[in-house]
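Line by line, the protein sequences are chains A and B. Heads up: the first sequence begins at 71 in our numbering, then just goes up one per residue. Heads up: the second sequence begins at 71 in our numbering, then just goes up one per residue. Notes follow once the structure below has been shown.
2 protein chains.
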Amino acid sequence: MFKDLDPILHSQLRLAVMSLLIGVKEAEFTFLREKTGATAGNLSVQIQKLKDAGYIEVIKQFKENYPQTICKVTAPGIKAFEEYVTSLQSYLGK
Amino acid sequence: MFKDLDPILHSQLRLAVMSLLIGVKEAEFTFLREKTGATAGNLSVQIQKLKDAGYIEVIKQFKENYPQTICKVTAPGIKAFEEYVTSLQSYLGK
DNA sequence: TATTTTGGTTTATAAAATAAACTACTTTAT
DNA sequence: ATAAAGTAGTTTATTTTATAAACCAAAATA
């Protein structure tokens with residue numbers, strides 16, 4: 071009847087981050103913060119969770135003297151996102 | 071970019087309940103419990119929240135000696151569900 | 001009449017989201 | 001050179017949610 075929704079993805083901010091990453095394949099922390107409108111603290115926590123789940127890869131480096139955090143979606147992340155979307159259908163009728 | 075997701079509906083169980091109610095227009099507590107697989111306690115709490123939000127109407131009566139809780143979706147509930155689905159599109163790409 | 005079952009509610013606990021505070025460094029202005 | 005302000009985050013604390021466990025009242029059953 072109703073398929074379980076992946077709790078990692080069933081979060082407004084994490085879903086937005088995944089949605090963005092699937093579109094661009096790679097993005098900076100600041101880009102994600104601007105696009106989602108999230109606070110840096112919240113974004114930091116949610117990125118960590120997506121990383122822990124293996125849904126994204128996080129690369130920390132320096133760019134023009136400043137720390138820079140780059141995020142990339144992984145293959146399992148794409149799969150999980152697709153499955154989440156499929157599962158959602160069961161709730162949305164038809 | 072990303073539309074806010076109604077927090078009342080962005081819950082697996084509450085979304086399932088709304089999905090069921092939109093299909094049938096009226097349902098018993100026990101029906102909802104069976105279809106969703108939720109525990110009675112959890113379902114009781116979530117039904118209360120949907121009621122507090124004005125998304126469903128709850129009628130408590132007795133049927134063949136037993137208490138019976140009937141739930142019906144309201145017009146604002148249907149509207150909120152539809153808006154939730156629309157908002158979700160912004161996360162699912164395309 | 002004791003036990004189990006039905007149909008729930010209430011309370012307690014665990015997990016999640018969010019905000020506030022903090023770290024570490026850089027740039028700019030004085 | 002030094003203070004103030006800005007960048008790019010992380011950590012910690014607080015609030016909110018979700019979930020489970022315990023409970024309640026009445027009815028059915030043994």
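All C-beta atoms in this analysis are idealised placements derived from N, C-alpha and C, irrespective of residue type, glycine included. Please read these numbers as outputs of a predicted model, since none were measured by experiment.
Exercise. What do you get for residue 106 of chain B, buried or exposed, if any count of 16 or more other CB atoms within 10 angstroms of its CB means buried?
Worked result: The count along the second sequence starts at 1 and reaches residue 106 of chain B at position 36. Residue 106 of chain B should be labelled buried.
Problem set entry | Supposed close pair residue 163 of chain B, residue 92 of chain A - CB separation, criterion 8 angstroms | Here residue 163 of chain B is taken as the residue at index 93 of the second sequence, counted from 1. Here residue 92 of chain A is taken as the residue at index 22 of the first sequence, counted from 1. Their Cβ separation, rounded to whole angstroms, is 7 angstroms, which keeps residue 163 of chain B and residue 92 of chain A in contact under 8 angstroms.
Exercise. Distance, Cα to Cα, residue 133 of chain A vs residue 144 of chain B?
Worked result: Taking the first residue of the first sequence as 1, we reach residue 133 of chain A at position 63. Taking the first residue of the second sequence as 1, we reach residue 144 of chain B at position 74. Roughly 54 angstroms separates the two Cα atoms.
Exercise. So which residues on chain B does residue 95 of chain A lean against when the C-beta distance must stay under 7 angstroms?
Worked result: Here the question's residue 95 of chain A lines up with position 25 in the first sequence. The premise fails here: residue 95 of chain A is roughly 13 angstroms from chain B at the closest Cβ pair, so nothing lies under 7 angstroms.
Problem set entry | Near-chain B residues of the stretch 105-119 of chain A - C-beta to any C-beta below 7 angstroms | 105, 106
Exercise. Under the three-state reduction of DSSP, which class applies to residue 78 of chain A: helix, strand or coil?
Worked result: Reading the first sequence from its first residue, position 8 is the one you call residue 78 of chain A. Note: residue 78 of chain A maps to coil in three-state DSSP.
Problem set entry | Residue span of the beta strand (DSSP E) that contains residue 136 of chain B, given as start and end | On the second sequence, position 66 is the one that residue 136 of chain B refers to. First-last of the beta strand (DSSP E) with residue 136 of chain B: 136-143.
For this session: Output yes if chain B places a C-beta closer than 8 angstroms to the C-beta of residue 147 of chain A; else output no.
Result: Position 77 of the first sequence, counted from the start, is the residue given in the question as residue 147 of chain A. Under the 8 angstroms criterion on CB atoms, residue 147 of chain A is classed as non-interfacial with respect to chain B.
Exercise. Going along chain A in order, which residues have a C-beta closer than 9 angstroms to the C-beta of residue 82 of chain B?
Worked result: Taking the first residue of the second sequence as 1, we reach residue 82 of chain B at position 12. Result: 72, 74, 75, 77, 80, 161.
Exercise. Would you say residue 240 of chain B faces chain A, with C-beta separation under 8 angstroms as the test?
Worked result: What the structure shows of chain B is the stretch from 71 to 164, and residue 240 of chain B is not part of that stretch, so it cannot be assessed.
For this session: Rounded to whole angstroms, what's the CA-CA distance from residue 89 of chain B to residue 161 of chain A? Just pull it up for me.
Result: Here residue 89 of chain B refers to the residue found at position 19 of the second sequence. Here residue 161 of chain A refers to the residue found at position 91 of the first sequence. So the alpha carbons of these two residues sit roughly 6 angstroms apart.
For this session: Give the DSSP bridge partners of residue 123 of chain B, in chain order.
Result: Numbered from its first residue, the second sequence carries residue 123 of chain B at position 53. In the DSSP assignment, no residue is bridged to residue 123 of chain B.
Problem set entry | Rounded separation between residue 154 of chain B and residue 130 of chain A - CA only | The sequence position of residue 154 of chain B within the second sequence is 84, counting from 1. The sequence position of residue 130 of chain A within the first sequence is 60, counting from 1. Whole-angstrom Cα-Cα distance: 35 angstroms.
Exercise. Going by the CB atoms, is the gap between residue 101 of chain A and residue 113 of chain A shorter than 8 angstroms?
Worked result: Residue mapping note: residue 113 of chain A aligns to position 43 of the first sequence, counting from 1. Residue mapping note: residue 101 of chain A aligns to position 31 of the first sequence, counting from 1. Cβ atoms of residue 113 of chain A and residue 101 of chain A: not closer than 8 angstroms.
Exercise. In whole angstroms, what separates the C-alpha of residue 110 of chain A from that of residue 94 of chain A?
Worked result: Counted from its first residue, the first sequence places residue 110 of chain A at position 40. Counted from its first residue, the first sequence places residue 94 of chain A at position 24. Straight-line spacing of the CA atoms in residue 110 of chain A and residue 94 of chain A works out to 20 angstroms.
Problem set entry | Coarse secondary structure for residue 104 of chain B, derived from DSSP in three states | Working through the second sequence from its first residue, we reach residue 104 of chain B at position 34. Helix.
Exercise. If you check the beta carbons only, do residue 74 of chain B and residue 150 of chain B fall under 8 angstroms apart?
Worked result: For this step, residue 74 of chain B is matched to residue 4 along the second sequence. For this step, residue 150 of chain B is matched to residue 80 along the second sequence. No. Outside cutoff.
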